[in-house]
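Structure, as structure tokens:
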Amino acid sequence: MLPIDRNSVRSELLKVITTLRDDWDYSGEITEQTGIFQDLGFESIDAVALGSAIEDHYNRSLPFAEFLMKANERNAKDVTIGELVTFVVDHLSRTGKKP
Amino acid sequence: MSKAIVNGVNVHYQTKGEGPDVILVHGLTASIAFWYITKVFPALTEQFRVTAYDLKGHGYSDSTPSGYTSADLAGDLVALMDTLGIERARIIGHSYGGSVTLHFALLYPERCDGIVLCDTGFAALRHLRNIDHWPGWEIWKKELPDLGITPEWFNRADQQGIDTILQKSTEIPVQFGLRRGGTRDTPRFRKLLEETTLSKDFRDPSGLSEERLADITPPCMAFYGEISPFKNVASHLSARMPHCIGQVVPSVGHFFLLHAPDVFIERVVPYLHDPAGYVRNAKENSAASMPT
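The listed protein sequences derive, respectively, from chains A and B. Take the first sequence: its position 36, counted from the start at 1, is 20 in this note's numbering, and no numbers get skipped. Take the second sequence: its position 66, counted from the start at 1, is 432 in this note's numbering, and no numbers get skipped.
Structure follows, in structure tokens:
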């Protein structure tokens, strides 16, 4: 099982993101403040695919649709890498609870 | 990421939840993401096994140069169901996804427990459209007069005119969702417009004529926004399709799912549990169906 501390999750998440799109050529530094839409140029469907890729990576079902829906409801301008890390850490830490 | 080979094309899909099968069909230039941000996917997975997929040429599904009529895409849907082992389903379609859904109900009624249409205009019912309610007038109010585009022009628009509008639409920012304010001029959108027959195919009734509406037997719930250009389609369908009830959602337009998702979910869930029974009861008790 992969470790679920914040640094490890951030590192795994960046690996997942860079393998998501074969035409992806973002070369800047990615920090917790980086936004996946405004900075990385994601389309909404890329975020959906990212959710699936995270689930595949950790072999766990995660409520990613609810995560994106709530971001949309609060009129978020973007979803940051830091928010994604928090989401993944929170849900991976909840043992035995399936969404 | 889950992909299925459908008529020789890789199709991206997601399935979650348990219960009767529900399939979600998005509209032109959208993707599975539409069902995420409108709440429909997460809300329905609490009670149903929900499958959402990217139409051919959209999202993470592969594209082909042609094959985008509602008949073609209904054929893709039945092939997807075959591949996934879904014998029968409730199917929900938004906008052009509703054309695919209704065409599916006409061609494959035995695979369909019931359908839900969300503000679908239909190529064969273009005469019912109220172009004054098209959101583009407000969005492009500065540009359209310079291009000589008026409601009268729009009603006469030929293929070249439609292509002009679609090209123009790449210049305006995304209006809603997590990318609002961002560009619509993405490689995916460009490819659809420039390398496929989509812009021609979506205007082709491809056999889904006004006359065939009476032949559609599966139960149908047809939702339309009160200020949508397609509002009049609701009463038209419910008068012609024997098992269709029309619903008008107050104070919202074509994208009512974004602005009033809770109204939709509250009304559609009881229908999805028993589409035939719900429509029968609504038809028997006119108070249960909302007149349009």
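Yeah, the Cβ is synthetic: ideal placement off N, Cα and C, and Gly gets one too. Here the structure is a predicted model, which is why all the values come from computation and not from measurement.
- Contact holds between the segment 636 to 643 of chain B and the segment 476 to 492 of chain B, because three or more Cβ pairs, one in each stretch, are under 8 angstroms apart.
- The beta-carbon of Ile29(A) is placed less than 8 angstroms from the nearest beta-carbon of chain B.
- Arg554(B) and Ser368(B) have their C-alpha atoms some 19 angstroms from each other.
- Not flagged as an interface residue toward chain B: Phe71(A), since no C-beta distance is shorter than 8 angstroms.
- Scanning chain A for C-beta atoms nearer than 9 angstroms to the C-beta of Arg554(B) yields Glu27 and Ile29, reported in chain order.
- Annotation: the continuous beta strand (DSSP E) that includes Leu390(B) extends over Asp387 to Val391.
- Per the coordinates, the alpha-carbon of Gln380(B) lies some 18 angstroms from the alpha-carbon of Val0(A).
- Exclusion of the five residues before and after Gly547(B) leaves Pro539 as the residues of its chain whose Cβ lies within less than 6 angstroms of its Cβ.
- Looking at Leu(-3)(A), Leu34(A) and Ser77(A), the one whose alpha-carbon comes closest to that of Phe48(A) is Leu34(A).
- In the three-state reduction of the DSSP assignment, Ser601(B) falls in the helix class.
- Contact of Ala605(B) with chain A is not assigned, every C-beta pair being separated by 8 angstroms or more.
- For Asp479(B), the uninterrupted beta strand (DSSP E) run begins and ends at Cys478 to Cys484, by DSSP.
- Under a 10 Å Cβ-count criterion, Ala399(B) is classified as buried, with 16 or more other Cβ atoms of the shown protein chains found around its own Cβ.
- Identification of chain B residues near Leu52(A) by a Cβ-Cβ cut-off of 8 angstroms yields Ala399, Tyr402, Ile403 and Leu544, ordered along the chain.
- In the three-state reduction of the DSSP assignment, Ser368(B) falls in the strand class, which pools E and B.
- Among the residues facing chain A, Met587(B) is not included, as its CB has no counterpart in that chain under 8 angstroms away.
- Within the segment 474 to 551 of chain B, complete alpha helix (DSSP H) segments of at least 4 residues are found at 502 to 505, 517 to 522 and 525 to 535, given in chain order.
- Taking a 10 Å sphere around the C-beta of Asn43(A), we find fewer than 16 other C-beta atoms and assign the residue as exposed.
- Taking the C-beta atoms as reference points, Ala437(B) is found nearer than 8 angstroms to His469(B).
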